[in-house]
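First the structure, in the form of structure tokens, and then the observations on it.
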Amino acid sequence: MTKNIMIVGVGGQGSLLASKLLGRLLVDEGYDVKVSEVHGMSQRGGSVVTYVRFGEKVYSPVIENGEADFIVSFEKIEAARYVENLKKDGTIIVNTQQIDPMPVIIGAATYPEDIIGEMKNKGIHVDDIDALALANEAGSSKACNIVLMGRLAKYFDMPKEKWLTAIEKCVKPQFVEINKKAFDLGYNC
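For what it's worth, our numbering labels the leading residue of the sequence shown as 68, then goes sequentially.
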């Protein structure tokens, strides 16, 4: 059976590293893996989406509406933007961080209130986490992506050590220890 994971965020948050890490882990575990990156204005703080599909045999990298087993959202508005892609019994992991999009910054719009509460009120399984606080605790605000991968790992039947090995393979050596700490904080909270 094919599993579908979407990683959504804003350019510069490290969603592409997160998808690379996840892909590496799944390939090492022997799965057929397809990863598709959809860049918006990723270098200017725009929306970034990555699809990760894995299973015995995967034919397409694209995840349609209502097919995602998991969505990992690096920011609240991005969670709201892509929640329709979640399966009825799926889980959306949401970083509680707020990053104002350009319309909010210039005063043309206001940031929606209680995005997470609204999703929960609709019966959506939301696992919300303050990944920024945990990343800072690990030693770098840039490690939010790995905190969120740690949180995702709790839903997988794979030893934590396999995730840590994937971090070693995907992250520059000087950042491995901070990222392992960030992963542990996400995993254990």
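C-beta atoms are modelled at their ideal positions from N, C-alpha and C, and glycine is treated no differently.
Note that this is a predicted model, so its numbers are computed, not measured.
Applying the 10 Å Cβ sphere with the 16-neighbour rule, what's the burial state of residue i?
i: Asn255; result: exposed
i: Lys248; result: buried
i: Ile130; result: buried
i: Lys221; result: exposed
i: Thr117; result: buried
i: Ile172; result: exposed
i: Lys155; result: exposed
Just to confirm before moving on: does the CB-CB distance between residue i and residue j stay below 9 angstroms?
i: Ile191; j: Ile159; result: yes
i: Ile138; j: Gly157; result: yes
i: Asn162; j: Asp197; result: yes
i: Gly253; j: Ile213; result: yes
i: Met68; j: Gly133; result: no
i: Phe58; j: Gly81; result: Nothing can be reported for residue 58: it is not among the residues displayed for the chain, which extend from 68 to 256.
i: Met186; j: Ala210; result: no
i: Leu83; j: Val119; result: no
i: Asp167; j: Tyr149; result: no
i: Asn246; j: Ala205; result: yes
From the DSSP output, read off the bridge partner residues of residue i.
i: Asp167; result: According to DSSP, which records beta bridges pairwise, Asp167 is partnered with nothing at all.
i: Asn255; result: Partner(s): none; Asn255 has no beta bridge.
i: Asp99; result: Gly122
When you compare only the Cα positions, how much space is there between residue i and residue j?
i: Arg91; j: Ile234; result: 9 angstroms
i: Val115; j: Val193; result: 20 angstroms
i: Tyr98; j: Trp230; result: 15 angstroms
i: Ser127; j: Ser103; result: 9 angstroms
i: Pro226; j: Ala85; result: 18 angstroms
i: Gly174; j: Gly79; result: 23 angstroms
Could you please give the first and the last residue of the uninterrupted alpha helix (DSSP H) stretch that includes residue i?
i: Met186; result: 182-188
How is the beta strand (DSSP E) around residue i delimited, first residue to last?
i: Thr232; result: Thr232 -> not in any beta strand (DSSP E); alpha helix (DSSP H) instead, spanning 227-237.
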